[in-house]
Each structure stands twice: as C-alpha cells, then as structure tokens.
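All remarks here apply to the structure that follows.
2 protein chains.
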Amino acid sequence: MHQQPATARRVTIVDVARQAGVSTTAVSKVLRDAYGTSPHMRSRVRAAVDELGYRPSAAARALRGRTWTLGVMLPDVRNPFFADILDGVGEHLDDTEYQLFMTSGCNDATSEARVTEAMIDRSMDGLILIAPVSPPAHLDRLARTVPTVVIGRHSHSPRFDTVNDDDFTGAGLMVAHLAGLGHHRIAHIEHHETDRIRLAEMPNALRADGYRHAMHQHGLGEHIDIASTTYTRDGGYHGARILLDRKNPPTAIFAGADVVALGVLDALTEAGLSVPGDVSVAGYDNITLAGFRAISLTSVDQAGHRIGSTAARLLLERITDHTRPAAQVKLSPTAVVRGTTGPPR
Amino acid sequence: MHQQPATARRVTIVDVARQAGVSTTAVSKVLRDAYGTSPHMRSRVRAAVDELGYRPSAAARALRGRTWTLGVMLPDVRNPFFADILDGVGEHLDDTEYQLFMTSGCNDATSEARVTEAMIDRSMDGLILIAPVSPPAHLDRLARTVPTVVIGRHSHSPRFDTVNDDDFTGAGLMVAHLAGLGHHRIAHIEHHETDRIRLAEMPNALRADGYRHAMHQHGLGEHIDIASTTYTRDGGYHGARILLDRKNPPTAIFAGADVVALGVLDALTEAGLSVPGDVSVAGYDNITLAGFRAISLTSVDQAGHRIGSTAARLLLERITDHTRPAAQVKLSPTAVVRGTTGPPR
DNA sequence: AAACATTTGGAAAACGTTACCCACATCACT
DNA sequence: AGTGATGTGGGTAACGTTTTCCAAATGTTT
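Residue numbers (this note's numbering), protein chains in the order written: chain Z, 205 to 549; chain R, 205 to 549.
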C-alpha cells in the first residue's frame with residue numbers, strides 16, 4: 205500500500221505544462237477557453253489535467269483574473285425565508301463554475317461593513333446582499349467596487365440591481381382576503397422603523413403602507429390599527445398583547461412577517477382565544493413552517509426561490525457587463541390561504 | 205464635492221510603504237506583528253495604514269501565508285439546529301481576525317467533495333464539516349491537506365478532531381423520561397442507514413442504539429418498535445403512519461429528530477388523535493421551533509452552541525499546531541420536557 | 001514568388017503579499 | 001581595540017496564475 209507523504213505539494217499549472225509538453229501559457233489558455241489553441245493541444249492539456257488531478261488555485265487566479273467566487277450576505281440563518289432565496293441562487297449557479305459562500309449574523313451596519321470588506325479582501329467576483337440595513341451611500345460605494353445585487357430593499361441606485369417582492373401589493377392581497385371574509389377590525393403589526401431613508405426602502409415600511417392603502421380602498425379607513433414592534437417572535441407576542449388590550453380588539457391580525465404571526469399565535473393561545481374562531485391570524489413570507497399542519501398559517505408567498513434565481517442571473521450579467529444599467533425587478537406575491545383565517549364570529 | 209474615479213485602484217502595501225517612508229518588508233512585519241520593528245516604525249506604518257485605508261489582499265496573502273478564512277460546510281440551512289452551532293462558532297471567532305464563510309446544500313458525497321475542493325482551492329486556513337456523509341477515507345485525505353474539525357459524526361481519525369453530542373446517552377434520557385411517565389409501548393423513528401461504516405459513526409444510528417439499550421434497561425425489551433424512514437418531516441409523517449397501523453400501536457413516539465417529530469404531529473392531527481392525551485411525542489435536537497407555544501415539543505437538547513464554540517476552539521488550536529493529536533469531544537445532552545409528553549391514558 | 005493575413009504557441013511581466021536572507025548600527029563585555 | 005550579541009531595516013526571490021506581447025508557421029491572395 206502506498207503511503208502518501210505527509211505534506212503533498214499542490215499540483216500547479218507548471219506540472220501540467222511539463223506533463224503535456226507545452227508552456228504554462230498554453231495550459232492557461234486551454235483552461236480558460238481562450239483564443240489560440242489547437243484541438244491537438246487542447247486534448248493533450250486536458251489529458252494532463254485529468255491525469256494529475258490538477259485544480260487551479262483560486263488564490264493565484266485572484267491576483268490576475270476572477271476567483272469564481274460569489275458572496276451572499278445573510279442577516280440571519282434562522283429566517284427560513286432566506287433559505288428559499290438561497291435555493292434559488294444555488295440552482296441558477298449549479299451549471300456554472302461559480303462557487304457560493306455565505307456569511308450570516310449581520311444585523312447592524314457595522315457588522316455588515318465588516319463582512320462586505322472581508323468579501324472584497326478575498327476578491328470575490330460578485331456580492332448578493334440580502335436585506336441589508338446599511339445606509340444607501342455605503343451600498344453605493346460598495347457596488348462601485350464589486351458587482352452587487354441587493355435583495356429585499358427597494359433602492360433605486362444606478363450602481364446595483366435590486367430584486368424585491370412587491371410588498372405594497374402583497375399587503376393589499378392579505379387585507380383583501382380578510383375583508384372578503386367579512387372582517388372590519390383588521391389590525392397590523394409592523395416593524396418599527398425610525399431611519400428616514402430606510403423608511404422608504406425597507407419592505408416592512410411598504411407592507412405597512414400597503415395595509416393602510418388597502419384598508420382605505422375597502423372603506424375600512426377608520427379601523428386602521430397598527431402595533432409597532434419588531435419582526436421577531438417576541439415582537440409578535442407583544443404586538444398581539446397591545447392589540448388585544450384595545451377597548452375594541454381586532455377580529456383579525458395581519459402580521460408583517462410569519463415569525464411575527466407565530467408570536468401572535470403564542471399570545472392568543474395564552475389568552476385562551478381560538479384561531480380562527482375568535483381571531484384570524486395572517487403572516488407574510490410563507491415560510492416552510494407555515495405549511496405545517498399543526499400551524500397552517502395563512503400567509504403571503506414571496507416566491508423566494510424566484511427572487512434568488514433572478515438575483516443570481518442579474519449578478520452574472522453584471523459581472524459580464526459592468527456597465528449595464530441597473531435593473532429593479534419586482535416580483536408578484538400571492539396569498540396562500542390556510543387554517544388560521546376564517547370569517548369573524 | 206469630490207467625484208471618485210470610476211475604477212479606484214486598490215491601495216497596496218507599496219502605497220503604504222511609500223507613504224510611511226519605509227520598505228514593504230517593514231510594513232508587512234508591522235502588520236503581522238513580526239520580529240524586527242521599532243516602536244517608531246510601527247507607529248509610522250500604522251498611521252499610513254489608517255490614512256490610506258489600506259486593507260491587505262487576502263488573495264495575495266494566500267500565495268504565501270494564511271488567508272484568515274475558515275469554511276463551514278453545512279448540509280442544510282433549513283435545519284435550525286445548525287444555526288445554534290453556527291452561533292457558537294461565530295462567537296468564538298468574534299475576537300479573532302478570522303472570517304467565516306459557509307456553504308449549504310451538501311447532501312451527498314459528490315457535492316461534499318465539490319465543496320471541500322472549492323474551499324481548498326481558495327486556500328482556506330481551516331474547515332468545519334457539519335454532519336458530513338462522505339466516506340471516512342475521504343475525510344482523512346481532506347484533513348491531511350487542511351486543518352479540519354468534524355461535527356456530528358463519531359469518527360476516530362488521527363487526522364481530525366470531532367465534536368459530538370453523546371447521542372447514545374441522549375436517546376436513553378428520553379426513553380427514561382417516557383418510561384418514567386408510565387409508558388411501555390415506546391416506539392422510535394430512525395433514519396434508515398445502509399452503509400456499514402456510517403452505521404457506526406452517524407448520530408442517527410447511535411440514537412437508535414441508545415433507544416434499544418435503554419428499553420432493555422427499563423425492562424421494556426419486548427416493546428421495542430422501530431420505524432425506519434428518514435430524518436425529514438415526511439419521514440416523520442410516514443413513520444407515524446406505519447406505527448399507528450400496528451395492531452398494538454405505541455402510546456409514545458420518540459422521533460430521532462425534531463423535524464421528524466413535527467411530521468409525526470402532522471400525522472396525529474390528521475388521524476384525529478390528541479397529543480399527549482392519546483399519544484406522547486418527543487423529538488431530538490431541541491430546535492428553536494420546539495419551544496414555540498403552539499408546538500411545545502419535548503426534546504433532547506444538544507447544546508449546539510457549545511458544540512460550535514468547541515469546534516472553533518479546536519480548529520484554531522489545530523491551525524496553530526498542526527501536529528497536535530486529534531481530540532474527540534463528546535458533550536452531554538439534556539432532556540427538555542414540554543407539552544407533547546404526558547402519562548399514558 | 002511576393003505580400004499579407006491568420007493560426008499556433010511561448011517568453012516574460014505583472015498581481016500583492018511573505019519569508020529568507022544579509023547589512024549595518026549599537027551596545028556590552030573581554 | 002576586538003569580539004560577539006542584539007536590534008533594526010531592507011533587498012529579493014518566491015507563490016501560481018493571467019495577460020500582453022511577439023515570433024514562427026501556415027495559408028491565401030495578388
């Protein structure tokens with residue numbers, strides 16, 4: 205049995221060139237499908253590559269050309285909606301040479317900056333930012349340095365593409381569903397936003413706007429009732445408590461996110477209220493969990509998969525053509541009706 | 205207002221050297237805290253670095269030294285248990301220069317190989333593999349090339365460290381809990397494993413073994429009943445259907461994973477059975493979701509956070525000292541009793 | 001046959017670091 | 001004064017690619 209040496213030197217392009225009896229330039233050309241290679245040389249080089257098990261060093265490549273590496277910045281691995289997006293991105297990249305790496309746990313502008321810097325330091329070819337909170341100027345500066353696509357933020361920069369769900373319309377869909385069931389006192393739980401700029405760009409703000417607009421449209425303007433908390437399970441719990449303490453509590457609660465709706469369900473269970481008998485509950489995002497029979501949450505589906513694959517497509521386009529004008533893609537959400545919504549008692 | 209040029213050349217070590225009036229060697233030394241720098245030179249260099257906003261290129265570094273990059277291979281972003289591990293890893297790395305990048309969606313040996321190759325191509329300094337399914341020989345070869353820590357696999361290689369929950373004991377804890385409640389017909393749903401080697405190394409196999417062993421210990425050997433499906437929600441659903449169709453159906457179902465338990469709950473809801481009135485249900489992993497009031501699943505907690513931080517610590521140690529003997533860390537699980545388990549009717 | 005275009009292949013200079021040397025100055029001790 | 005140890009700084013060759021030339025060979029048109 206052959207004992208491998210403890211430190212096996214990596215096979216380089218020089219080894220391949222020697223094996224094939226050609227220059228390193230030739231090998232490089234073949235590998236990159238560049239101009240100036242004869243069929244004969246190509247086959248010899250490819251044979252040598254296979255025989256030696258050569259793999260190009262991304263590090264060395266980075267110094268001259270591409271790294272074939274893309275970075276995805278993810279605020280939170282726990283949010284299952286992001287998993288759908290990742291699936292979409294991954295699927296689009298499967299047929300390409302690109303490799304995807306992600307970071308998670310960026311919840312403020314400081315850590316976002318740290319992560320994006322790290323990606324640039326590593327010469328990544330393109331970045332996908334999911335729901336970033338950094339100020340627009342920072343995103344712009346970033347996109348000047350490296351091809352970038354932003355998901356989940358309704359920006360209009362000439363520097364980067366954006367892919368979004370139409371949150372305004374989506375909120376309207378859910379209000380329409382609830383109003384159609386006969387509800388009047390439909391309340392909303394929003395993610396509290398103070399920053400003036402983000403107020404116009406963040407999905408949560410647009411969902412609240414869409415809610416307000418749709419309530420007016422259905423002649424329910426006087427019943428508009430919003431609890432301002434956060435997009436977390438705790439936020440949902442507290443939001444529900446606030447709404448239930450009103451002198452005229454709502455018969456339906458439309459949470460701005462599914463995780464929020466889960467918190468609402470917790471609060472209702474605790475208060476001894478039945479769903480949808482006493483109160484209807486709806487969420488937003490249609491996370492996988494929402495489909496579980498034990499929960500069966502009515503929600504708005506964002507087509508996360510399509511968001512992801514669209515973002516990947518745009519990014520590759522932008523890497524190829526750095527000057528292409530920026531695109532803003534807006535996808536249409538759909539309402540998914542399940543067991544937590546029903547007619548008011 | 206100063207208009208930035210469209211293509212800003214990156215600030216390199218040469219620029220810093222010129223600005224500080226020293227050699228590039230000097231700058232490099234200061235940056236790496238290497239020997240041979242006077243306090244005066246250090247301060248001049250650091251000033252130049254700050255002034256120019258210099259950041260070292262990881263790509264160039266990779267060709268000579270470290271990249272300060274660690275890779276985490278994750279089978280599935282959707283499994284919330286992995287998020288706990290990531291938190292632990294991230295926390296341990298926060299005070300260091302290292303940056304973490306992950307990949308997800310590796311569910312077979314082929315894609316695992318592809319991902320690990322990609323990480324090596326990019327000269328990552330160390331790898332953390334979570335629940336890999338590759339054959340041991342492949343893991344060994346990998347660990348020979350790059351410092352590696354494996355989580356969720358009870359291997360005993362001299363090449364890499366492992367961090368695991370004591371799955372055998374954990375299963376025993378849950379059987380003890382259920383038996384203590386008065387259950388006799390306690391069934392188990394396992395992840396079907398055919399590979400002979402993995403049978404000895406994979407947590408799922410150890411959980412099933414632990415279940416069997418504990419049943420015997422409690423004098424319930426004759427009631428051992430295992431449904432062999434997969435560790436997915438569907439697997440749980442089908443497993444439950446199989447068990448419920450027995451002529452003597454179990455009064456308690458211990459699923460090998462929380463996601464499986466969720467599928468079990470679906471099947472029970474569908475069958476019109478109450479939990480824990482008709483059937484008690486327990487899972488394994490204590491995913492965040494298990495704590496949701498609407499679910500309130502009894503489970504075994506694996507201390508994912510501690511698994512992650514331990515793995516990170518071991519990895520950094522191994523990067524520093526390549527020759528340190530391999531360690532196998534086994535952490536103790538705890539049972540978390542919630543609403544889905546109760547005495548049999 | 002001369003002139004020119006095209007194909008085929010390679011030499012060599014980047015790319016931005018680090019590591020291995022060597023040189024010089026300073027200081028303490030014989 | 002001579003010797004050796006120590007501190008301080010830099011020159012330069014890697015590291016493994018890609019890219020820009022340039023030269024030779026071959027083919028095509030006058």
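Backbone N, C-alpha and C fix where the C-beta goes; we use that ideal spot for every residue, glycine too.
Thinking C-alpha only, which one of the options is nearest residue i?
i	options	result
Z/Phe305	Z/Asp291, Z/Asn311 and Z/Thr314	Z/Asp291
R/Ala383	R/Thr455, R/His442, R/Arg213 and R/Phe364	R/Thr455
R/Tyr435	R/Arg416, R/Ser484, R/Leu469 and R/Ile393	R/Ile393
R/Asp288	R/Ala507, R/Leu519 and R/Ala530	R/Ala507
Z/Val540	Z/Ala322, Z/Gly374 and Z/His427	Z/Gly374
R/His427	R/Glu397, R/His387, R/Ala459 and R/Asp438	R/His387
R/Leu256	R/Arg222, R/Arg268 and R/Asp237	R/Arg222
Z/Val337	Z/Pro260, Z/Pro351 and Z/Glu316	Z/Glu316
Z/Ile390	Z/Asp489, Z/His417 and Z/Arg326	Z/His417
Z/Ala465	Z/Arg450, Z/Pro453 and Z/His395	Z/His395
Z/Val253	Z/Leu469, Z/Arg214 and Z/Leu274	Z/Arg214
Z/Ala398	Z/Leu385, Z/Ser361, Z/Pro339 and Z/Asn490	It should be noted that the sequence gives Thr, not Ala, for residue 398 of chain Z. Z/Thr398 has its Cα closest to that of Z/Pro339, out of Z/Leu385, Z/Ser361, Z/Pro339 and Z/Asn490.
R/Pro284	R/Asp489, R/Leu501, R/Val485 and R/Leu519	R/Asp489
R/Arg265	R/Thr216, R/Val379, R/Arg542 and R/Gly309	R/Thr216
R/Asp413	R/Ile446, R/Tyr258, R/Thr524 and R/Met378	R/Met378
Applying a beta-carbon distance threshold of less than 7 Å, which residues of chain Z neighbour residue i?
i	result
R/Lys303	One point to set straight first is that residue 303 of chain R is Gln, not Lys, in the sequence displayed. Near R/Gln303 (Cβ distances below 7 Å), the residues of chain Z are Ala322.
R/Gln496	As written in the sequence, residue 496 of chain R is Phe, which differs from the Gln given in the question. The contacting residues are Leu466 and Asp470.
R/Arg259	Glu321 and Asp325
R/Thr273	Arg326
Cβ of residue i less than 8 Å from any chain Z Cβ?
i	result
R/Arg213	no
R/Pro284	yes
R/Leu469	yes
R/Ala221	no
R/Met306	yes
R/Thr492	yes
R/Ile334	no
R/Ala224	no
R/Glu474	yes
R/Leu267	yes
R/Met205	Reliability fails at R/Met205, whose pLDDT of 35 lies under 50, so the model's placement of it is uncertain and the value that follows must be treated cautiously. It does not: the Cβ of R/Met205 has no partner Cβ on chain Z nearer than 8 Å.
Any Cβ of chain R within less than 8 Å of the Cβ of residue i?
i	result
Z/Ile153	Residue 153 of chain Z falls outside the range modelled here, since chain Z spans only 205 to 549, and no answer is possible.
Z/Ala264	yes
Z/Met245	no
Z/Ala530	no
Z/Val533	no
Z/Thr538	no
Z/Leu499	Per the sequence presented here, residue 499 of chain Z reads as Ile, with Leu not at that position. At least one chain R Cβ lies under 8 Å of Z/Ile499.
Z/Gly546	no
Z/Gln208	Note that Z/Gln208 has pLDDT 42, beneath the 50 cutoff, so the model's placement of it is unreliable and the number below is only indicative. For Z/Gln208, the answer is yes, since a Cβ of chain R falls inside 8 Å of its Cβ.
Z/Thr314	no
Along chain Z, in chain order, which residues have C-beta atoms closer than 9 Å to that of residue i?
i	result
R/Ala486	Neighbours of R/Ala486 on chain Z: none; closest Cβ ~15 Å, over 9 Å.
Under 8 Å between the Cβ atoms of residue i and residue j?
i	j	result
Z/Thr533	Z/Thr514	Reading off the sequence, residue 533 of chain Z comes out as Val, not Thr. Result yes, Cβ atoms of Z/Val533 and Z/Thr514 sit closer than 8 Å.
Z/Gly467	Z/Ala494	no
Z/Arg357	Z/Met406	yes
R/Arg528	R/Glu521	yes
R/Val479	R/Arg437	no
R/Gly275	R/Leu331	yes
R/Gly481	R/Arg549	yes
Z/Arg246	Z/Val234	yes
R/Phe518	R/Val354	It should be noted that the sequence gives Leu, not Phe, for residue 518 of chain R. Cβ atoms of R/Leu518 and R/Val354: not closer than 8 Å.
Z/Asp369	Z/Leu267	no
Z/Ala431	Z/Leu410	no
Given that residue i touches chain Z, what residues does it touch there, using C-beta distances under 8 Å?
i	result
R/Val281	Val281, Phe286, Ala287 and Leu290
R/Gly309	Leu290, Asp291 and Gly294
Between residue i and residue j, how many whole angstroms is the CB-CB distance? I'm expecting something under 8 Å.
i	j	result
Z/Val226	Z/Ala516	Actually they do not touch by this definition, with Cβ atoms about 35 Å apart.
R/Leu278	R/Thr307	7 Å
R/Asp365	R/Ala531	5 Å
Z/Arg175	R/Thr349	Nothing can be reported for residue 175 of chain Z, as the shown portion of chain Z is limited to 205 through 549.
Anything in chain R within Cβ reach of residue i, meaning under 7 Å, just list it in chain order.
i	result
Z/Leu518	Going along chain R, no residue has its Cβ under 7 Å from Z/Leu518, so there is no contact; the nearest lies around 20 Å.
Since residue i meets chain R, which of its residues come closer than 9 Å, beta carbon to beta carbon?
i	result
Z/Leu477	Residues of chain R passing the Cβ test: none, with the nearest at roughly 13 Å.
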